[in-house]
Structures are given as C-alpha cells and as structure tokens.
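To start, the structure itself, in structure tokens.
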Amino acid sequence: MPNNLNNDDSKLIDRDREVDEILEESKYLLDQEKMELTAQKYRAKQPVAEIFSNADKKPRLENSNPLDVDKEKAVNENEISGDKTATTLQAELVLEGTDDDYPSQQDAAADKTADSAKEEKEEKAKETESTETQTESSASAKDTENTETEDDEDEIVTLTPEYSEGTTFSQDILDDVDQFNDNETHIKSIHTIDIDITDDDTKPPKAPNEPQGQFDELFKTEEPDVKQHKKVIAKVPVYRKEGEENTLNVKAGKFSEVVGYEYEEYIKSKNPSVIAHVIKPDTQRTVIVEEDDEPEPLDFHSASEKIMANLVGFFSKDTSNDDDTPVKETEVVDDYMGEDDEKSIMQEINLNIKKLFGRTMLTGGLALVSIIITVLVRLFPQAICNAVFFAPVAYAVINFLLIGFSTFVNRVAIMSGLTPLAHFKGNSDTAVALAAVASVVQTVVSFFCLYGVTSFDINYYTVIVLAAFFANNLGKLLMVLRVKENFKFTAADGQRYAAKIYNNESVAAQMMSGTAVERPIIAYQHRTGFPSNFLKISYAPDPSEDLASKLAPATAVIAVVVALLYGIFFGSFSGAVNAFALVCAVCIPVSTLLAVNIPMYDLCKKLLPTGAMLSGYPSVKQFCDSTAVMIDANELFPADSVFLDGIKTFEDYNIDESLLCGIAILKEAQNPIAKVFEKVVDETDGDLPEVESVLYEDELGLVGWVNGERILVGNRELMTKYSVETPSIEYEDKYIQSGKQVTYVARAGRLIAMFVTHYIADSILMPELHRAEANGISILVHSTDCNITNDLICSLYNVFYRTVKVLPTGLGTVLKECKSTFEETSRAYLITNGKTSAFLKAVSGSVQIKRNISLSIVIQLISVVLGVLLTATLALYAGVGVLGTLEVLIYSLFWGVATLVAPLIHKT
C-alpha cells in the first residue's frame, strides 16, 4: 500500500513538473512574440525593390490589361446591386431585355413575370427610339450654330469649369486666384499663338500683351499696327503649365525671311558688339552665336569642300573667323594641380603611350627575328654555309642592320642612359645603352675580319641587346598605363580619402601593446580636399633605378678592364672588342623594369575597382612597413551587419519617449546599434531629444544626459554600477545562448527596455582582414558598443585573437580624431573613396609587393654578378669563342624569367 502511494506521488510530481515546463515555455514564446512585435515597430525597414507593371514605372491601381487602360467601361444604369435572390435575378434578366425565364418554385409567378417582361421590353424599345431621334436633331442644330458663328469677330469662348455647378468658394480663395477677380481676364501666357500675316508685311506682328523677347531686344523691331481678334475668356479656373515657353509661331516661309532681313540690317550697323562670333551671311543659312553660349561649331561645308580642305588646307569659300581670340596651345604642366591641368596631363600620357607602344612593338619584332636567326645559325651552321657561300657576311650585315635600326628607334633612351655615365652614375637605361654601343662597334669591326671566313666564327651579342630593349620598353609602357588609370581615379569627382602613417611613436606604442607586432607603425585614412604631387610620386625612381645607378658604372669599368686584359693576353684587337661586347651584354639586368612595373600594374589594376589607388613605388615604400591599421566599429560592422531581434519593455508609462532618449544617446555616440533604428529617426525627421552629454565607459556602455535625466545604454555591469535592477542571469541567458547580445536601456534609475541584437561579419571585409593578418598587420578598433569585444570580432571574422585590439576610451578618442581630420591637400601616396576594405587591401598589397620586388632585385643582382664572373673568367682563360651567342642568350633569359616567376611563387 505505501508503495502505491509513493508511485502516485511521483507521478503527480512529474506531471506538475511537465505542466510547469509547458507553462514556462509558453510564457517564453509569448514573450518572444511580444518582443518581435515591439522590435518591428522600431526596426529599420528592409530595402524592397519596387515592382512596376508598365514601361513608365508608374504603379497601377488595379491589375488590368495595359492595352485596355484607355478603354471606357460600359455602365449599365439598370444594374441591380446588393444580394441577389431569385426575384432580383429574374428582375435583372427582365431589365436586360432577355426572354429566358429564371427557374422558380411557383410557375404562376414565373408566367406573370415573363408577360410583364415582354411588355416592359416593348415600352423600352419605343423610348429608346424617341431618345435617339431627339439626340440626332439636337446635335445637328448645334453643328449649324457653330458653323454660323465661326466668322464672328467678337467671339466669346467659355471654358467648362472643372467643378460641379453650385460649388461655393471661400473668400480667401476668391482673393488669391486671379480667375475670380472682377477685372477683365485674359490668358497671360499661351504656348502658341497663330497670327495672320498679309503678303505685303515683311516683319511678324506681336501678339497683344506679349512680353518683349530676346529677339525684339536685339533688333529693336517696331510693332506694326495690326488689328487683333478680340477674345474674351469667361471667368473660370485656367490650367497653367509649369515652365512656360514663349514661342512665336507664324506662317511657314515668313520667319526665315524676317530673320534674314533683320540680321542683314544689323551687320550693316557700326558697332555690332553683342555678337562675338560671326559667320558672314548666306541667303540659305545664318548662324548667330551669343557671348554667353558656347555651342559646338556647325559645319555647313559640302563634301567637295571637305575633301579640298583635307588636300590643300583651305576651303573654296570664305569662312574666315572674325574672332580675335587666339587659340590656346596645350600647356605643359609639372604636376597635377587642379581641373585645369587634366586635359594637358591626359594628352601627355596618351602621347607617351603611343610612343612606347610603337617602340615596344618594333623592338619586340626585331628581337624575335634576331632570336630565330641565332637559333638557326647555331643548329644548322654547315647547311646554311653550303647553301649561301657568303653566309658569314650576310650574318654580319643582318646583325648590323638589326642593331642599327634598334639603336635609331631607342636613341632617346640610349642618350639618357649614357649621359649619367660621364659622372660615374647610371639609370635603368645605362646598361642596355652601353651594350648597344658595344654591339654596334663589334659588328663594324667584324666587317674587317670576314675576309676568307667560311663559317660562323664570330659570335654577335646583339640579340641580348634587342631583348633588353624590348623588356625595358614594355616595362615603361606598363608604368605609363598604370599612371593613366590612376589619374582617371584621382581626377574623378567625389570625396577622396588620403592614407597616412601615425607619427606619435609613444601613443602608437600604447595602442600596439598586447598585439603580436613589435614596431608601432599604424596606418589610417582621413578625408582630403585634393591629392597633390601625383605625377611626381607616379614617376619617382624605383628599386630598378637604384640598382642600375650603382651597378651600371661598375660593370662598365669591369667590361673595359676585361677588354684591355684580353687584348694584352691574346694580342687581338677584334677579340678585345668582342670581349667588351660580351661582358656588357651579360651585365644587362634584362627584367629589372619588368620586375617592378608588372607587380605594380597588377596591384593597381586590382585596387582601382575596389576604390583605392597607389600612385607609384614611393607609395609602396610609405606603407610597406605598416604593422597596424585604425578602423572604427561602424566600418567593421556596417548597417547590414547589425540586426535587431527583439525589444523587451519593462515599463508601459511613456515607453516611446524613453526609447527615443536611448536611441538619441546611441546616435550621438555613433554606436553601431543606432543604425537599426533608422526607421524611427526617419519618422521623427531627425527630431530626436537633444543630448546634453554622453560618455562611453570601457566594456560597460554609454552614460548620457537628456533633459536633465541620466540615460544608461549598456550591459548588465553598467546597470549594476548605477544601481539599476535587472532581470536574473538565467532570464538573460535565454536570449544570449544562440550568440546574441543583450543591451539594457535605463532612464532616471529605472529599467526601460532590453535590446536583443546579433552581429554578422561583413563578407567584403572578411577576406581583407585575413590578408592583413597574413602580412602581419593588426587591427585597432575604436568602439562605443560594449557588445563589440576582441572575442566577438575574432569569432565572427575568424582571425587570431592577438590580431585585433579594441582600444580603450582615451586611445580610441585619439583614433577617432585622426580619422575625422580633414586636409585641404594631401600627398597622393594612397587615395581611396573611404571604403575600409579598399584601404586594407592597399596596405596589405604594399607590404606584400615590397617583399616581392625586393626578391626580384636580389635575383637580378645575383645574375649580373655571376655572369660577370663567369664570362670574364672563361674569356680570359679560353677565349671569347667558347661563349656562343645562344648560350649567353639562354643564360640571360633564364635569369630574366626567374626574376619574374620567383615573386609569384612567394606570393601569399
């Protein structure tokens, strides 16, 4: 018996527990529903695309066929409305004139209804015939009256009012509207007026009360005394079109004669000062251009005249320009200083592109021909000599022509490369220029050594020089193309942001404490008015220039020394010249310009679509050592990354006013949560309560004052600090267990509401944060949202926890001041449109490309040093003949390709 009682008690307890759980779950779901409804009231509206049903994008009021919009619907005056019973349906059939009977339960009633329907039908037909007869007679009478009154001079035109008869108007409307005044009313502005002009008149009369136009002010025409038809307009509202045009319409053929006559009279005057540009009158066409207008010039010349103009440079007719203003020549500017320089700079860039493209194509073709000849001569020397008995001479002549023509095409680069050599300096053109001179001298000297030669005993190194010319021209072409695309971005309209490095080392060190980097070099961006020094930075020397300036003079000295030693050891002048040409060819850094300009061009091409621009290598040098960047929390979590899941209210009294105070605090502090309340801000037209002051307490929230009351917006710890009671932790855990955040709002010491929000990572910014982390760049964040912590950012963006640091209030204020700075002019190292993703991509790219370019320069330096050692040793030990042209070409191409490929393999 006791066991049964215990079992019953346990069952009752379990049942009570289940009931409690069900009640608690129901209460939670109801609470969730209420929070969702409250949040929906304040949540920002999601953008919804408008759907239109017609081409003019005007929403229709009903889903009707667009082809039947203008059709009028037939209206049946005898239609019966309301609930339709058997009787009303039968009556409707009767009114429509049908002979069919509606089935009814009483046959007698149906017979009576059918008889009455026939009688009503006959009476209705008679009435319809009489009505049509009266309508036709009245219409003919009206037509007769209209025909008789057409020629009446004092015709009275009455416009039908748009309001029904018997409508009354208030006195203020009668006073304001001109049509209700007692004086005589005329139409003041009519779009077109037809005026009768007799054949004897040569000047068009003006309509009465018409304002004097520009034509009359210019030619001072006298108004002829022409009798006008008087039209009296009834006092009714008149529709007036916006933007009225004063247009004068006359009979066809008269207007051009009048204008021609007036213009001929005007040009005969002594001082025609109004017209600035005059083309002498022609009876068929006349052109007048006023000072204020600058239309495009009109070309009235015939096809034969245009052909003659292209052939001999002048027209057969007199088209002299009486304008004394001289034609402005294109001014050459030193740098981009404003909109006035855009045209001349773009012209100069396009001209350079054309020149470099032509030289690149020519030198590329010459290099390809020389490579083919070199390979054939090396693979089939005996066959070529047997086929052509003067093959060695022809080979020498071909090499002379190739190097001579290439030298002529690249004469400017050769002169610019040899000039610094006089001062024991160099540039990117010095090595190839010296090698070109050596090749020309070698081919000329070889002509004196070809007597009796039956094989290809002389090795010509012109093919290496031609390949180097092609690589240099291609590198310069890529540089100018990069400058052109960058200049388009720089000169475009819109707000621009300039990137800089924070220069306070002590504050920067405090910001970077706790991160994984050592050197505190922090980059940030701010608004700027104009990017200066664009061309100077774009064309500034790069590492290839630095390498060439130091390497070219040294290799020139080494080549001269090897040639002298070879002449002394072997006693051969031609052999010494060949040794000099060999060392000069090997010392050319073939891919130096390409090693810099190909990565730079590729990086800028990727940055420009995202909204960032790197001017040149100085820009890379400026940001390549960056270890951190400054970012605001609103950039890390934009509007579409913050979501309001619900609002739990704890008070009903004046809840809307209290929530508006909290929203005003969020907006004043530029808190990311404020963006979810854009709907409320829009509805209030920005008229939120005025915030007296606001302060962010680290990891707690916002404390502000509105209308003398303290407003708290933050987490549980902030409420506890200011003695505001909050729900239990268990209650709060229900909402934050799925990755959501809770923010409380309190007013004057009372808890008002609880915001439930969640954050997501920005899909565009996430890969840039990963790229920055891979290049050793940390992220410094300024935030006024207590929910945005290091852990939240690292979990959402999937980065290492030491990569991100949310700055405290004091340092965050420094970051905010830096980013809010505005400069009139800033150096155009790195210019963006303000997007954080573009800024991060540019800084990360600068760090990465600096390593790649440095690696390329080192590889190129190794190739030159190793080549000098090998060629000098072999030439002095075994003679120049052991180093064939094809072997030297393969050596140069191998290291050139390695210079370009190695950075791609190292790329992260």
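Letter by letter, the sequence shown follows residues 1 to 908 of the working numbering.
Ideal placement from N, C-alpha and C gives every residue a C-beta, glycine not left out.
Here glutamate 773 is buried, its C-beta having at least 16 other C-beta atoms within 10 Å. Sequence-distant Cβ neighbours of serine 892 in its own chain, meaning closer than 6 angstroms and more than five residues away, are Ile464 and Val590. Our two residues, threonine 649 and alanine 746, have alpha carbons roughly 11 angstroms apart in a direct line. A direct Cα-Cα distance of roughly 6 angstroms separates methionine 754 from isoleucine 647.
In this structure, the alpha-carbon of phenylalanine 380 lies about 24 angstroms from that of alanine 878. Scanning its chain for C-beta atoms nearer than 7 angstroms, with the 5 sequence neighbours on each side dropped, one finds around histidine 758 the residues Phe643, Asp645, Gly739, Lys740 and Gln741, in chain order.
Looking from the CA of glutamate 518, the closest CA among Glu505, Ser439, Asn473 and Ala576 belongs to Glu505.
Within the same chain, and ignoring the five residues on either side of histidine 526 in sequence, the residues whose Cβ sits closer than 6 angstroms to its Cβ are Lys819 and Thr821. When Glu545, Ala422, Tyr460 and Asp625 are compared, the shortest CA-CA separation from isoleucine 403 is found for Tyr460. Per the Cβ contact rule, the region 849-859 is not in contact with the region 564-578 (fewer than 3 Cβ pairs under 8 angstroms). The region 543-551 makes no contact with the region 341-349: fewer than 3 CB pairs, one atom from each, lie closer than 8 angstroms.
Our two residues, aspartate 632 and tyrosine 336, have alpha carbons roughly 32 angstroms apart in a direct line.
Taking C-beta atoms as the reference points, glycine 776 and threonine 627 count as a pair closer than 8 angstroms.
The beta carbons of proline 599 and phenylalanine 637 sit no closer together than 8 angstroms.
Per DSSP, reduced to three states, the secondary structure at serine 837 is helical. Judged by DSSP secondary structure, proline 531 falls within the beta strand (DSSP E) whose first and last residues are 522-532.
A Cβ-Cβ contact shorter than 8 angstroms links phenylalanine 400 with threonine 443. Distances from the alpha-carbon of threonine 430 to those of Phe469, Val814 and Val713 put Phe469 closest. Boundaries of the beta strand (DSSP E) harbouring glycine 701: 701-706, taken from the DSSP string. The beta-carbon separation of leucine 712 and tyrosine 696, rounded to 12 angstroms, does not stay under the 8 angstroms limit for a contact. The region 520-540 makes contact with the region 486-495: 3 or more CB pairs, one atom from each, lie closer than 8 angstroms. Where methionine 630 is concerned, there is no enclosing alpha helix (DSSP H), although the beta strand (DSSP E) around it starts and stops at 628-632. In the three-state reduction of the DSSP assignment, isoleucine 711 falls in the strand class, which pools E and B. Between serine 795 and alanine 498 the beta-carbon gap is near 33 angstroms, outside 8 angstroms, which marks them as no contact. With a threshold of 16 other beta carbon atoms within 10 Å, lysine 476 meets it and is buried. Counted as a single uninterrupted DSSP element, the beta strand (DSSP E) harbouring alanine 746 occupies residues 741-747. The beta carbon of glycine 529 lies closer than 6 angstroms to those of Glu824 in the same chain, with the five residues before and after it left out. Relative to the Cα of leucine 840, the nearest Cα in the group Gly749, Lys734, Lys621 and Glu635 belongs to Glu635. In the three-state scheme derived from DSSP, where H, G and I count as helix and E and B as strand, tyrosine 566 is classed as helix.
Contact check between the region 857-867 and the region 658-669: fewer than three CB pairs, one atom from each, fall below 8 angstroms, which does not count as touching.
With distances taken between CA atoms, glutamate 717 lies nearest to Thr726 out of Thr726, Asp493 and Gly494. Boundaries of the alpha helix (DSSP H) harbouring serine 658: 655-668, taken from the DSSP string. Counting along the chain, the unbroken beta strand (DSSP E) around isoleucine 501 starts and ends at 496-501. Ranked by how close their Cα comes to the Cα of isoleucine 398, the residues Ser446, Asp341 and Leu418 have Ser446 in first place.
Rounded to whole angstroms, the gap between the alpha carbons of arginine 17 and valine 724 is 33 angstroms.
Assignment of alpha helix (DSSP H) within the region 571-614, counting only whole runs of 4 or more residues, yields 573-586 and 592-610 in chain order.
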